[in-house]
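In the working numbering, the protein residues as written are -13 to 297. Beta carbons: idealized from backbone N, C-alpha and C, even for Gly. Written below as structure tokens is the structure these notes are about.
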Ligand SMILES: NC(=O)c1ccc[n+]([C@@H]2O[C@H](COP(=O)([O-])OP(=O)(O)OC[C@H]3O[C@@H](n4cnc5c(N)ncnc54)[C@H](O)[C@@H]3O)[C@@H](O)[C@H]2O)c1
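Below is the structure:
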């Protein structure tokens, strides 16, 4: 059966999570440890925090401080590794416009460095955190994986180039991979500076401080918010499946306006100017991943927001 090796108790499965000290990465590490993996985290802590992983025992999670854009001697960490989950990346639009080269080195060259090490180690599968920003302002909503690529800022471009490199490695070197184009992920340990989490983390802070909620634009713009627990479930299923060399949208498949989020949270609102490169609408067509791994998102936006306020 497909999942047996993944769950075997005979020998612990070893996984690498790059960016494992960040928001999504640390939630994924929690989930992998629950599944019985030992995890090696590669992170330079540019936005991630050690405290996101402080609840783990050293024997389960080994944290290596390293910059993936400038790494030496990392092959030893890849020895006997089965799965590489590559999430390390810089993820803000405006800094990427101000300093595109930094984003290229970090997100694109960094991905190549990890691919090289993974190739040498003959891992089972490489799973890449791609971004729905590759669609720009898509014509079709919900947007499927076949939509035209239209990167509108260096962040989107560098993430997309990373995805292309991952796919090419499958062609050139027969390294099994999966690329997941994340929509807007939210949940505990949300990064307060990244573009994706900004709306939730701003609203949470503002609500706690009894300040008005700041809404970018008129608030009618929509996003597809997926809870990080739904996302990590999909990651685990993708890793243990026999699927390889595929691209999947990873979202909730539901479109939610910023005004709706603000109304669920409640309180006064103030409106601030729109940012460059922000699409008016965003929603994933998730039919492909639903069919292929029999997965579906389980946490509604209302439940997700309740959980955020409880955490
Ligand atoms: N959060 C979202 O909604 C979303 C949407 C689309 C794509 N993504 C992608 O998912 C990944 C994780 O995003 P996140 O929201 O958890 O962000 P995050 O900033 O919390 O996590 C990124 C992690 O990568 C680490 N990192 C960055 N550059 C590094 C480098 N050169 N070497 C080593 N570590 C490095 C950071 O320290 C951090 O721990 C990113 O690659 C991002 O582009 C996220």
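Classify residue i as helix, strand or coil using the three-state DSSP reduction.
i	result
residue 82	helix
residue 37	helix
residue 54	coil
residue 44	coil
residue 185	helix
residue 12	helix
Between residue i and residue j, which are expected to be in contact by the criterion C-beta below 8 Å, what is the C-beta distance as a whole number of angstroms?
i	j	result
residue 73	residue 3	6 Å
residue 142	residue 117	6 Å
residue 93	residue 145	6 Å
residue 27	residue 49	5 Å
residue 115	residue 173	Not a contact, Cβ separation roughly 15 Å.
residue 288	residue 250	6 Å
residue 230	residue 111	7 Å
residue 198	residue 207	Between residue 207 and residue 198 the Cβ distance is about 18 Å, and since that is not below 8 Å, they are no contact.
In the DSSP assignment, what are the bridge partners of residue i?
i	result
residue 191	DSSP, once it has assigned bridges, lists no residue as partnering residue 191.
residue 70	2, 112
residue 19	Beta-bridge pairing links residue 19 to no other residue.
residue 29	51
residue 168	117, 236
residue 199	255
For chain B, check one thing: does any of its Cβ atoms lie closer than 9 Å to the Cβ of residue i?
i	result
residue 241	Among the protein chains of the structure shown there is no chain B, as only one such chain exists.
Every unbroken alpha helix (DSSP H) within the segment 86 to 163, with a cutoff of 4 residues, ordered by chain: You should have 86 to 89, 96 to 107, 140 to 159.
Which full runs of the beta strand (DSSP E) of 3+ residues lie inside the segment 209 to 282, going along the chain? Those beta strand (DSSP E) runs which fall completely within the segment 209 to 282 and span 3+ residues are 211 to 213, 232 to 236, 255 to 258.
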